[in-house]
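*Asks:* Here it is, the structure in full.
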Amino acid sequence: MDASSTVYTAVNTPTRFVEVKGRRLAYRDIGEGTPIVLCLRFRGILDSWDPAFLDGLAAHHRVITFDYSGLGQSTGEPSYVRRRLAQDAIDLADALGLERFIIGGWSLGGIAAQVAARLQPERIIKLLLIGTTPPGKVRFGAKPIFFERALKPVNDLDDETVLFFHPASKKSRAAAVTSHNRIAARTTDVSPAIPIETVLKLLKETQAEDIFVDDNGYRDFLQTTDIPTLVISGDQEIVFPVENWFDVAPQTKSVHLMVFPQMGHGPQHEAPQLCADLITSFIQNG
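What follows is the structure, given as structure tokens:
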């Protein structure tokens with residue numbers, strides 16, 4: 093089989109690069125159709141996504157993932173300032189010639205996606221938010237166990253189970269193992285993990301703020317935008333409790349909230365095909 097006939101999936105698609113504004117952004121690109129740009133979670137790299145979820149989406153859409161500036165395989169100055177994360181997504185879309193696109197994000201990436209939509213709403217077809225928070229003040233914060241596990245120098249399978257799944261559920265624990273193994277199936281061209289020293293340095297930039305301080309009309313935008321927005325959350329979410337969305341969603345015009353039972357911070361890893369199918373249906377019909 094020659095290279096031109098190779099079928100690329102999330103596990104074997106090569107990492108590509110674009111040069112933009114003096115830095116090199118690493119990205120991967122699978123599938124065809126309306127483009128979906130996905131923004132990463134805290135401490136996330138290209139290889140933090142479950143391949144089954146990406147392949148499920150790529151059955152109907154062009155799916156683009158990337159490393160933020162200065163992290164993973166990208167160059168430049170790293171930052172966890174939300175506007176800079178959003179700018180990475182916008183700059184990548186510009187470099188790839190995407191006039192209009194769907195933007196989504198998981199956790200911290202969901203914040204970046206909301207900021208990007210606020211900055212350039214005319215380009216955003218739909219907004220996909222997984223395991224993330226609405227902007228502004230919220231009633232419920234992250235549980236202490238999140239910080240205990242998320243800030244360990246290296247996260248093992250047990251940490252992943254606590255952080256992204258629901259360890260009290262036997263089904264969820266089994267799903268954590270299965271997802272971990274799917275991610276580990278990619279053994280070449282893997283993005284390097286983000287050193288804990290870098291993570292702690294980046295957190296100093298944002299530690300004085302609320303996680304998503306409403307300093308640019310983000311809550312008003314979410315409440316008034318006509319961009320169809322899908323929020324997916326687990327009911328056992330330990331990072332961004334879904335109850336905060338219960339306070340906000342009824343005040344919006346276009347937010348659709350889907351809550352998965354007995355799941356945690358990574359429902360798209362626990363039920364990848366279900367989440368991909370839901371997103372596909374939302375894009376087609378929402």
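Under the working numbering, residues 93 to 378 are what the sequence shown spells out, in order.
By construction, the Cβ of each residue, glycine as well, lies at the ideal position given by its N, Cα and C atoms.
These figures come from a predicted structure and were not determined experimentally.
#1: Hey, ILE195 and VAL155: beta-carbon distance below 7 Å or not?
#2: Can you tell me which of the three DSSP states LEU243 falls into?
#3: Compare the Cα-Cα distances from THR107 to each of GLY164, ILE275 and GLU124 and report the closest residue.
#4: Counting C-beta neighbours from all protein chains within 10 Å, is the total for ASN336 16 or more, i.e. buried, or is it exposed?
#5: Quick check for students: name the residue ranges of the beta strand (DSSP E) that lie wholly in the region 242-326, counting only runs of 3 or more.
#6: Looking at the unbroken alpha helix (DSSP H) that takes in PRO143, where does it start and where does it end?
#7: Would you report the Cα separation of ALA285 and LEU294, rounded to the nearest angstrom?
#8: In whole angstroms, what separates the C-alpha of ASP183 from that of VAL340?
#9: Check whether the region 100-118 and the region 143-152 are in contact - that is, three or more C-beta pairs closer than 8 Å.
#10: On the DSSP bridge list, what partners appear for THR157?
#11: Would you mind working out which of THR105, ILE330, HIS348 and LEU132 sits nearest LYS235, comparing C-alpha positions?
#12: What residues match up with GLU111 in a beta bridge as DSSP calls it?
#13: Whose C-beta lies closer than 8 Å to the C-beta of LEU177 among residues of the same chain, with five residues either side of it excluded?
*Replies:* Let me spell this out:
#1: Counted from its first residue, the sequence shown places residue 195 at position 103. Counted from its first residue, the sequence shown places residue 155 at position 63. No, the Cβ-Cβ distance between ILE195 and VAL155 is not below 7 Å.
#2: Position 151 of the sequence shown holds residue 243. Per DSSP, reduced to three states, the secondary structure at LEU243 is coil, with no helix or strand assignment.
#3: Position 15 of the sequence shown, counted from the start, is the residue given in the question as residue 107. If we check each option's Cα against that of THR107, GLY164 comes out closest.
#4: Residue numbering aside, residue 336 sits at position 244 when the sequence shown is read from its first letter. ASN336 is buried by the Cβ-count criterion.
#5: 321-326
#6: Your numbering for residue 143 matches position 51 in the sequence shown. From DSSP, the alpha helix (DSSP H) with PRO143 extends over 143-150.
#7: Stepping through the sequence shown from its first residue, residue 285 is reached at position 193. Stepping through the sequence shown from its first residue, residue 294 is reached at position 202. Distance between the alpha carbons of ALA285 and LEU294 is about 15 Å.
#8: Start at 1 with the first residue of the sequence shown, and residue 183 comes out as number 91. Start at 1 with the first residue of the sequence shown, and residue 340 comes out as number 248. Distance between the alpha carbons of ASP183 and VAL340: 30 Å.
#9: yes
#10: Indexing the sequence shown from 1 puts residue 157 at position 65. Per DSSP, ARG120 and LEU130.
#11: Position 143 of the sequence shown, counting from 1, holds the residue named residue 235. When each option's Cα is compared against that of LYS235, the closest is ILE330.
#12: Here residue 111 refers to the residue found at position 19 when the sequence shown is read from its first residue. Per DSSP, ARG116.
#13: What you label residue 177 is simply residue 85 of the sequence shown in a count that begins at 1. These residues qualify, in order along the chain: CYS131, TYR160, SER171, LEU200, GLY201, ILE203, ALA204 and VAL207.
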